Amino acid sequence: MPMPGVPCTPKLWYAVQTFYNKELQLGELFAERGLSYFIPLRYVESYQADEKPITRLVPVVHNLLFLEKTDTESVMLERLRDIPVPFRLYRNRETQKLYEIPDRCLLDLRAACDPSYSGNLYMEAEQADARPGKRVRVIRGPFTGLEGKLTQYKKKYYVVVTIASLGVLLHIPRWYCEKIS
């Protein structure tokens, strides 16, 4: 709840790339340091010989997670300096500053990556951005308020949400969307 007279600064997030499928381990190290993070997860069934299928949560894209910015860039880099797991923070190509993701965009991504929703597809951000479509806002259903690009893929309509190297296609009927001008 905002306090009167105190400016409300929106939360920002950093996109983090790790290596060798260490995103869960890196997330635990962030948590030990009191840092908030988000890893997009989904349910996957795995089968083993002569056993029932096992459903478990796995990362949607290996080696990608998001870290909440809680301090200045230099202080954040200092807090992350001695982490033993190799990782890199995405940077803006022009300014070489850390790539900051607004909280609103990450909220959209969190909604799109809900593991209990089965109508989504995942692909590289470049591939998702290359799809033709128009900017829309979802006005009905569980994803009300979500903004993205409405596109057609395999004769179905999807709303595309992209952040960093991840593209999420959500199967949402086109009449649930309104065009953003």
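In our numbering, the protein residues as written are 975 to 1155. Where a beta carbon is used, it is the ideal one built from N, C-alpha and C, also for glycine. Fair warning: this is a prediction, and the values are worked out from it, not measured in the lab.
Taking the Cβ atom as the reference point for each residue, do residue i and residue j lie within a distance shorter than 8 Å?
{"i": "L1009", "j": "T1044", "result": "yes"}
{"i": "R1007", "j": "R1053", "result": "yes"}
{"i": "L1041", "j": "V990", "result": "yes"}
{"i": "L1039", "j": "E997", "result": "yes"}
{"i": "C1119", "j": "R1111", "result": "Cys is not the amino acid found at residue 1119; the sequence shown has Gly there. Taking 8 Å as the Cβ cut-off, G1119 and R1111 qualify as a contacting pair."}
{"i": "V1035", "j": "L1083", "result": "no"}
{"i": "G1107", "j": "Y1150", "result": "no"}
{"i": "Y1091", "j": "R1105", "result": "no"}
Out of the options, state which residue places its alpha-carbon closest to the alpha-carbon of residue i.
{"i": "Y988", "options": "E1074, R1007 and R1078", "result": "E1074"}
{"i": "F1153", "options": "T1136, H1145, K1130 and I1113", "result": "The identity of residue 1153 in the sequence shown is Lys, whereas the question assumes Phe. The shortest C-alpha separation from K1153 is found at I1113."}
{"i": "H1145", "options": "Y1132, C1151 and T1136", "result": "Y1132"}
{"i": "P1058", "options": "T1136, Y1150, V1142 and G1001", "result": "G1001"}
Could you name the residues that DSSP lists as bridge partners for residue i?
{"i": "S1020", "result": "I1028"}
{"i": "G1141", "result": "M1097 and T1136"}
{"i": "R1078", "result": "Bridge partners of R1078: none, in fact."}
{"i": "E1121", "result": "R1111"}
{"i": "K1071", "result": "BP columns for K1071 are empty, so no partner."}
{"i": "P1033", "result": "L1015"}
{"i": "V954", "result": "With the chain covering 975 to 1155 only, the question about residue 954 has no answer from this structure."}
Under the assumption that residue i contacts residue j (Cβ atoms under 8 Å), give the Cβ distance between them as a whole number of angstroms.
{"i": "N1037", "j": "N1094", "result": "Contact flag wrong, Cβ pair sits at about 20 Å."}
{"i": "C1087", "j": "P1014", "result": "4 Å"}
{"i": "R1077", "j": "L1140", "result": "For clarity, residue 1077 is Asp in the given sequence; the question names Arg instead. Wrong, their Cβ atoms sit about 17 Å apart, outside the cutoff."}
{"i": "F1117", "j": "A1085", "result": "6 Å"}
{"i": "F1061", "j": "T992", "result": "4 Å"}
{"i": "Y1017", "j": "P1089", "result": "5 Å"}
Are the segment 1054–1074 and the segment 1123–1130 touching, with three or more C-beta to C-beta distances below 8 Å? no
Taking 8 Å as the cut-off, does the segment 1090–1106 touch the segment 1023–1031 (at least 3 CB pairs, one atom from each stretch)? no
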